[in-house]
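Engineer: Take this structure, written in structure tokens, and hold onto it; I'll ask about it next.
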Amino acid sequence: MFGSYEDLIPWFGAASMMLMLIGGLAGVSSRYGTLNASRVGVSLVSLCFGIMVWALVGEGTVSPLFGLLYSCASVYLLFKALDFIFKDAGYVFEREWDAKQRLPHQALHDWDVKSTRFSQNCMALKRFDGNTFVQIYGLVRGEKSYLRFDLLGCQSRLEFKAFNFGVQWPEFVALSTSEEE
């Protein structure tokens with residue numbers, strides 16, 4: 167009964183990897199900027215390669231056992247990445263911001279400033295390690311715009327206090343208020 171459907175095994179394997187990839191992207195989308203974390207990127211790329219592995223199984227180049235083992239490893243990496251995201255303490259700070267103002271990059275020391283113009287993409291990024299970083303990006307909600315300071319990968323208050331963000335807050339506020347005048 168089951169022997170006649172053996173040729174469908176690679177298709178089911180590829181479909182399962184595709185569904186895991188869609189589920190992983192849905193989990194990652196719950197927090198802006200999570201694709202900047204190395205373990206999240208590795209897990210999603212691993213799932214993409216998993217689809218290719220099952221295509222190779224279908225061609226007879228790779229054994230189904232290898233496809234199964236690779237799929238298990240990819241799913242494990244995805245669960246570890248999602249665990250990393252959902253165990254995060256969720257430190258996100260925002261302040262109202264005029265979208266016409268530029269980001270005061272002089273107040274950001276040791277940051278990778280990507281753009282000083284208001285944007286809903288990452289405007290500035292600072293990495294502490296591969297999976298812990300802080301980013302500044304814009305957000306528009308209704309008629310108001312906000313500047314968000316989002317820390318990802320920090321799991322405790324003690325860890326938060328230990329970070330050197332390299333932001334001169336008084337200078338940051340003074341620069342932004344002087345630009346308003």
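Residue numbers for the sequence shown follow the numbering used here, so the first one is 167 and each next one is one higher. Idealized CB from N, CA, C, for every residue including glycine.
#1: If you measure between the beta carbons of N330 and R205, is that distance less than 8 Å?
#2: Give the DSSP-derived three-state secondary structure of E309 in the structure shown.
#3: Sort A273, V279, K292, F259 by Cα distance to L313 and report the nearest one.
#4: Just to confirm, are Q321 and A255 a CB contact at a threshold of 8 Å?
#5: Once the 5 residues before and after G193 are set aside, which same chain residues still bring their CB inside 6 Å of it?
#6: Are D278 and L291 touching if we call contact CB-CB under 8 Å?
#7: Quick check on this structure: which residue in T227, L318, I251, G190 has the alpha carbon closest to the alpha carbon of D295?
#8: Just the C-alpha distance for M186 and I302, rounded to the nearest angstrom, thanks.
#9: Report the residue from K310, L274, L269 whose alpha carbon sits nearest the alpha carbon of S262.
#10: Could you name the residues that DSSP lists as bridge partners for F259?
Structural biologist: Reading from the atomic positions:
#1: As a first step, residue 330 is located in the sequence shown; it is residue number 164 there, counting from the start. As a first step, residue 205 is located in the sequence shown; it is residue number 39 there, counting from the start. Not in contact: N330 and R205 (Cβ atoms no closer than 8 Å).
#2: Within the sequence shown, numbered from 1, the residue matching residue 309 stands at position 143. Coil.
#3: Here residue 313 refers to the residue found at position 147 of the sequence shown. It is F259.
#4: Working through the sequence shown from its first residue, we reach residue 321 at position 155. Working through the sequence shown from its first residue, we reach residue 255 at position 89. Contact flag set, yes.
#5: Stepping through the sequence shown from its first residue, residue 193 is reached at position 27. Within the same chain, L248 come within 6 Å of G193 by CB-CB distance, once the 5 residues on both sides are set aside.
#6: The sequence position of residue 278 within the sequence shown is 112, counting from 1. The sequence position of residue 291 within the sequence shown is 125, counting from 1. Taking 8 Å as the Cβ cut-off, D278 and L291 qualify as a contacting pair.
#7: Residue 295 sits at position 129 when you count from the first residue of the sequence shown. Checked all of T227, L318, I251, G190; the closest Cα to D295 is L318.
#8: Position 20 of the sequence shown, counted from the first residue, corresponds to residue 186. Position 136 of the sequence shown, counted from the first residue, corresponds to residue 302. Approximately 30 Å, taken between the alpha carbons.
#9: Stepping through the sequence shown from its first residue, residue 262 is reached at position 96. Reading off the sequence, residue 262 comes out as Glu, not Ser. Cα-wise, what sits closest to E262 is K310.
#10: For the purposes of this step, residue 259 is taken as residue 93 along the sequence shown, with counting starting at 1. For F259, which the question treats as bridged, DSSP gives the partners F315.
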